[in-house]
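First comes the structure, then the notes that go with it.
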Amino acid sequence: MVSLLDRMARTQCCRIVTLEDPIEYRLSHGKSLVSQREIGRHLDSFEAGLRDALREDPDVIFVGEMRDRESARWVLTAAETGHLVFSTLHTRDARGTVTRLLDMFPANQQDEIANQLSLGLAYVLCQKLVPRADGLGRVVAMEVLNNNYAVQNLIRVGKVEQLYSRLQTKTRDLATERMISMEQSLARLTAEGTVAPAEAVKWANHPQKFESVLRHLGG
Numbered sequence: 279m280v281s282l283l284d285r286m287a288r289t290q291c292c293r294i295v296t297l298e299d300p301i302e303y304r305l306s307h308g309k310s311l312v313s314q315r316e317i318g319r320h321l322d323s324f325e326a327g328l329r330d331a332l333r334e335d336p337d338v339i340f341v342g343e344m345r346d347r348e349s350a351r352w353v354l355t356a357a358e359t360g361h362l363v364f365s366t367l368h369t370r371d372a373r374g375t376v377t378r379l380l381d382m383f384p385a386n387q388q389d390e391i392a393n394q395l396s397l398g399l400a401y402v403l404c405q406k407l408v409p410r411a412d413g414l415g416r417v418v419a420m421e422v423l424n425n426n427y428a429v430q431n432l433i434r435v436g437k438v439e440q441l442y443s444r445l446q447t448k449t450r451d452l453a454t455e456r457m458i459s460m461e462q463s464l465a466r467l468t469a470e471g472t473v474a475p476a477e478a479v480k481w482a483n484h485p486q487k488f489e490s491v492l493r494h495l496g497g
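So the mapping is simple: the numbering used here equals the position in the sequence shown, first residue as 1, plus 278.
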């Protein structure tokens with residue numbers, strides 16, 4: 279996440295506000311104006327920080343973590359008002375991320391939040407750092423969910439369980455696709471020899487699907 283923000287700061291002219299607990303990396307301004315604020319030091323809470331940030335006309339907002347209902351609501355509101363918002367959640371996959379967000383809210387609000395999320399979401403990126411086969415550190419395996427029209431509709435009508443099939447099939451390099459499941463990512467790394475098969479299957483969310491994809495790739 280910080281790497282993305284750092285690249286934006288170095289290559290684009292924009293106003294970036296980060297809300298973190300704690301600040302782990304110092305960002306340089308580059309071509310941008312960057313304000314990093316720490317919960318407990320500069321701010322009382324993520325919600326207070328978001329309220330203040332929205333008054334400063336930022337282009338990009340980074341919220342370290344959506345921990346509860348209020349921080350999630352403010353993140354969705356910021357995205358809905360045209361800001362580019364980055365945030366994190368501790369979940370195992372893209373489908374779990376959407377489910378976790380919706381489950382933060384009571385049942386009588388979930389339809390409203392699902393509609394808000396379907397309109398404000400751009401991408402869900404899920405990352406796992408997997409040990410390399412050569413023992414030289416780790417390599418990232420990434421699941422990518424692109425919130426295209428079909429995904430928006432699935433979120434809006436509450437058919438989150440069908441998101442995985444979109445990840446598996448919408449993989450072409452087109453603006454409306456560019457998705458990949460964790461199993462496909464791990465299978466590619468295995469087929470390239472970057473990750474050992476026995477290691478990759480331990481990190482797969484669906485081991486049988488991983489093995490099926492790997493066979494298809496000739497691994």
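Beta carbons: idealized from backbone N, C-alpha and C, even for Gly.
Residues that DSSP places opposite residue i in a beta bridge
i	result
R351	According to DSSP, which records beta bridges pairwise, R351 is partnered with nothing at all.
C404	E421
P300	For P300, which the question treats as bridged, DSSP gives no partner whatsoever.
V338	I294 and L362
Q314	T296
L321	I317
R416	P409
Distance between beta carbons of residue j and residue i, contact taken as under 8 angstroms
i	j	result
A372	L445	7 angstroms
T296	L282	In fact, because the Cβ distance is near 12 angstroms, the residues do not count as touching under 8 angstroms.
Residue i and residue j closer than 8 angstroms at C-beta
i	j	result
K487	E455	no
I433	V376	yes
A356	L379	no
L423	A465	no
E298	E325	no
I294	V280	no
Q394	L354	yes
S365	E343	yes
R304	N483	no
L492	A469	yes
Cut-off 8 angstroms between Cβ atoms - residues of its own chain near residue i, not counting five sequence neighbours on either side
i	result
L467	V408, V417, A419, V473 and A478
A411	G471, T472, V473, A474 and E477
L367	E343, M344, T375, R378 and L379
R329	W352
Y427	T454
V438	R373, V376, T377, L380 and L432
Neighbourhood of residue i by C-beta, 6 angstroms cutoff - its chain only, sequence neighbours within 5 removed
i	result
I301	Q314 and E316
W402	Per the sequence shown, the amino acid found at residue 402 is Val instead of Trp. Closer than 6 angstroms at Cβ, skipping near neighbours: A372, T375 and L423.
Q405	V418 and M420
P485	V479
K448	E455 and M457
R288	G308
G415	none
Own chain, CB closer than 7 angstroms to residue i, minus 5 neighbours either side, in chain order
i	result
F383	R347 and I391
S490	none
S396	Q430, I433 and R434
N425	L399, A400 and Y401
Q290	K309 and S310
W481	K406, V408, A419 and L464
G350	The amino acid occupying residue 350 in the given sequence is Ala; Gly does not appear at that position. The residues are M344, L379 and M382.
Using 8 angstroms as the threshold, is the segment 304–311 in touch with the segment 319–332, meaning 3 or more CB pairs across them?
No, the segment 304–311 is not in contact with the segment 319–332.
Using 8 angstroms as the Cβ pair cut-off and three pairs as the minimum, do the segment 337–344 and the segment 352–366 touch?
Segments in contact, yes.
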